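Participant: Quick one: the structure is below, questions incoming.
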Amino acid sequence: MNRPSPSSLPALPRASAWPLVRALFKRPARVSAELVQASYRLDRIDADHVRRYSDAFGFPPGPVPLTYLYLLAQRAQLATMLDRAIPFRIVGLIHVSNDLAMHCEVRTDAPLMLVTTLSMPQPGDNGAVECVLETVASADGKTVFTCTSRYLIKRGKRGRHASASPSIMPAGNVIAEWFVAADAGRRYAALSGDWNPIHLWPWSARLMGMHAPIIHGMETMARVCAAFERSTNRRVTSLACRFKRAVPLGASATLMACEVPGSFVVLCSNRVAVEGTLGYA
Numbered sequence: 038m039n040r041p042s043p044s045s046l047p048a049l050p051r052a053s054a055w056p057l058v059r060a061l062f063k064r065p066a067r068v069s070a071e072l073v074q075a076s077y078r079l080d081r082i083d084a085d086h087v088r089r090y091s092d093a094f095g096f097p098p099g100p101v102p103l104t105y106l107y108l109l110a111q112r113a114q115l116a117t118m119l120d121r122a123i124p125f126r127i128v129g130l131i132h133v134s135n136d137l138a139m140h141c142e143v144r145t146d147a148p149l150m151l152v153t154t155l156s157m158p159q160p161g162d163n164g165a166v167e168c169v170l171e172t173v174a175s176a177d178g179k180t181v182f183t184c185t186s187r188y189l190i191k192r193g194k195r196g197r198h199a200s201a202s203p204s205i206m207p208a209g210n211v212i213a214e215w216f217v218a219a220d221a222g223r224r225y226a227a228l229s230g231d232w233n234p235i236h237l238w239p240w241s242a243r244l245m246g247m248h249a250p251i252i253h254g255m256e257t258m259a260r261v262c263a264a265f266e267r268s269t270n271r272r273v274t275s276l277a278c279r280f281k282r283a284v285p286l287g288a289s290a291t292l293m294a295c296e297v298p299g300s301f302v303v304l305c306s307n308r309v310a311v312e313g314t315l316g317y318a
């Protein structure tokens, strides 16, 4: 089977609030949960946008930060869900985990082809429904970066014996602390193009079934990666993370390096909000 040339593919949609408008009005299709795939081209990465992103989180100047690549993958993943028939609503999806890896140096002037595959694993024993979006970005047939994002579509039921067990505080060293401002979700939305209502205002979060607005998971991960790059003077080239608890707007967060090399946790209200591992060049 011949692979399409990047020039024959539709352009990757720009980051804006317009996809959210489309998502608000897109109804779930009556289709089975089979594999869905779409491909897009990106003629160049906006170097000025990369600089603004790096400045916002304190990344060292120069190379494209690993977490910036998520913005490109997310655009491809959202475009795939908008352009293909899928059996669930897009608005209100909750990011539960992410794997992201840079496979070679990222050039801002090199065209990319982004291929995204959407799949839906079998529902969990508690009825939770998730989807998985895998994006592979390549240039001249060579993989540049990969991104696998898992989203919660439908919450599962709590078991009768489920209880709020006390949180075990991990051992490690504090790397950074920060306060999540009330407008942090809107500021990151303007920077990233992710205008999911659960991140914006109290009223918009409530419309999506949330008690309060929460910060984007990958905004937190950008802070994590930037803090470790500053503290280690090494470049983060891969991450695997799981978002265990939401970090509300108006909360404080603490980043800790754990005893296992490369592992970390982000604490909020003395509970683990994010856990994961980082890889370095």
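The opening residue of the sequence shown carries number 38 in the working numbering; numbering runs sequentially from there.
C-beta: ideal position from N, C-alpha, C; glycine also.
Predicted model only: the values in this text are computed from it and were never measured.
1. Let's see if you can read the secondary structure: which residues bound the beta strand (DSSP E) around residue 309?
2. Would you check if there are 3 or more beta carbon pairs closer than 8 Å linking the segment 115-128 to the segment 274-285?
3. Given residue 53, which residues of its chain have a CB within under 7 Å of its CB, disregarding the five upstream and five downstream residues?
4. Helix, strand or coil for residue 96? Go by DSSP, reduced to three states.
5. Have a look at residue 88 and residue 124 and give me their C-alpha separation to the nearest angstrom.
6. Contact check, residue 60 vs residue 119 under 8 Å by CB: the rounded distance?
7. Is residue 148 near residue 80, with beta carbons less than 8 Å apart?
8. Please list the terminal residues of the continuous alpha helix (DSSP H) segment that includes residue 255.
9. Can you give me the start and stop residues for the alpha helix (DSSP H) that residue 104 sits inside?
10. Can you say whether residue 51 is buried or exposed, counting buried as having 16 or more other CB atoms within 10 angstroms of its CB?
11. Compute the Euclidean distance between the alpha carbons of residue 316 and residue 180, then round it to the nearest angstrom.
12. If we call anything under 8 Å between Cβ atoms a contact, is residue 170 one with residue 116?
13. Using 8 Å for Cβ pairs, my map puts residue 280 next to residue 292. What's the rounded Cβ distance?
14. Only counting the same chain, and skipping five residues up and downstream in sequence, which positions put a Cβ closer than 6 Å to that of residue 138?
15. Suppose you measure from the CA of residue 38 to the CA of residue 213; what does that come to, to the nearest Å?
16. Looking only at its chain, what residues have a beta carbon closer than 6 Å to the beta carbon of residue 320, apart from the 5 residues adjacent to it on each side?
17. Going by alpha carbons, who is nearest to residue 247 out of 178, 238, 216?
18. Give me the Cα-Cα distance between residue 74 and residue 152, rounded to the nearest whole angstrom.
19. CB residue 150 to CB residue 46, shorter than 8 Å?
20. Measure from the alpha carbon of residue 253 to the alpha carbon of each residue in 295, 99, 166, 135, then state which is nearest.
21. Tell me, which residues are paired with residue 159 by DSSP?
22. Return the CA-CA distance between residue 112 and residue 76, expressed in angstroms with no decimal places.
Facilitator: Considering the structure as presented:
1. Locating residue 309 in the sequence shown gives position 272, counting from the first residue. From DSSP, the beta strand (DSSP E) with residue 309 extends over 308-317.
2. No, the segment 115-128 is not in contact with the segment 274-285.
3. Within the sequence shown, residue 53 is the residue found at index 16, counting from 1. Closer than 7 Å at Cβ, skipping near neighbours: 230.
4. Taking the sequence shown and counting its residues from 1, one reaches residue 96 at position 59. Coil, per DSSP.
5. What you label residue 88 is simply residue 51 of the sequence shown in a count that begins at 1. What you label residue 124 is simply residue 87 of the sequence shown in a count that begins at 1. Distance from the CA atom of residue 88 to the CA atom of residue 124, rounded to whole angstroms, is 38 Å.
6. Position 23 of the sequence shown, counted from the first residue, corresponds to residue 60. Position 82 of the sequence shown, counted from the first residue, corresponds to residue 119. Taking the Cβ atoms as the reference, residue 60 lies roughly 7 Å from residue 119, within the contact range of under 8 Å.
7. One-based indexing of the sequence shown puts residue 148 at position 111. One-based indexing of the sequence shown puts residue 80 at position 43. Yes, Cβ-Cβ distance for residue 148 and residue 80 is below 8 Å.
8. One-based indexing of the sequence shown puts residue 255 at position 218. Note, residue 255: alpha helix (DSSP H), 254-269.
9. As a first step, residue 104 must be located in the sequence shown, where it is residue number 67. Residues 103-120.
10. Here residue 51 corresponds to residue number 14 of the sequence shown, with the count starting at 1. In this structure residue 51 is exposed. Its beta-carbon is surrounded by fewer than 16 other beta-carbon atoms within 10 angstroms.
11. The count along the sequence shown starts at 1 and reaches residue 316 at position 279. The count along the sequence shown starts at 1 and reaches residue 180 at position 143. So the alpha carbons of these two residues sit roughly 18 Å apart.
12. For the purposes of this step, residue 170 is taken as residue 133 along the sequence shown, with counting starting at 1. For the purposes of this step, residue 116 is taken as residue 79 along the sequence shown, with counting starting at 1. No, the pair does not count as a contact, with Cβ atoms beyond the cut-off.
13. Counting from one through the sequence shown, the residue named residue 280 turns up at place 243. Counting from one through the sequence shown, the residue named residue 292 turns up at place 255. In fact, because the Cβ distance is near 14 Å, the residues do not count as touching under 8 Å.
14. What you label residue 138 is simply residue 101 of the sequence shown in a count that begins at 1. Here the set comprises 183, 275.
15. Numbered from its first residue, the sequence shown carries residue 38 at position 1. Numbered from its first residue, the sequence shown carries residue 213 at position 176. Residue placement at residue 38 is flagged as unreliable, the pLDDT there being 46, under the threshold of 50; a coordinate-derived value is accordingly withheld.
16. Look at the range of the chain in this structure, 38 to 318, and you will see that residue 320 is not part of it.
17. To locate residue 247, count along the sequence shown from 1; it is residue 210. Here the closest residue by C-alpha is 238.
18. Mapped onto the sequence shown, residue 74 falls at position 37. Mapped onto the sequence shown, residue 152 falls at position 115. If you draw a straight line from the Cα of residue 74 to the Cα of residue 152, it comes to about 7 Å.
19. Residue numbering aside, residue 150 sits at position 113 when the sequence shown is read from its first letter. Residue numbering aside, residue 46 sits at position 9 when the sequence shown is read from its first letter. Inclusion of residue 150 and residue 46 in the CB contact set at 8 Å is warranted, their separation being smaller than that value.
20. Mapped onto the sequence shown, residue 253 falls at position 216. The candidate whose alpha carbon is nearest that of residue 253 is 135.
21. Stepping through the sequence shown from its first residue, residue 159 is reached at position 122. Residue pairing from DSSP leaves residue 159 without any beta-bridge partner.
22. In the sequence shown, the residue the question calls residue 112 occupies position 75. In the sequence shown, the residue the question calls residue 76 occupies position 39. Roughly 11 Å separates the two Cα atoms.
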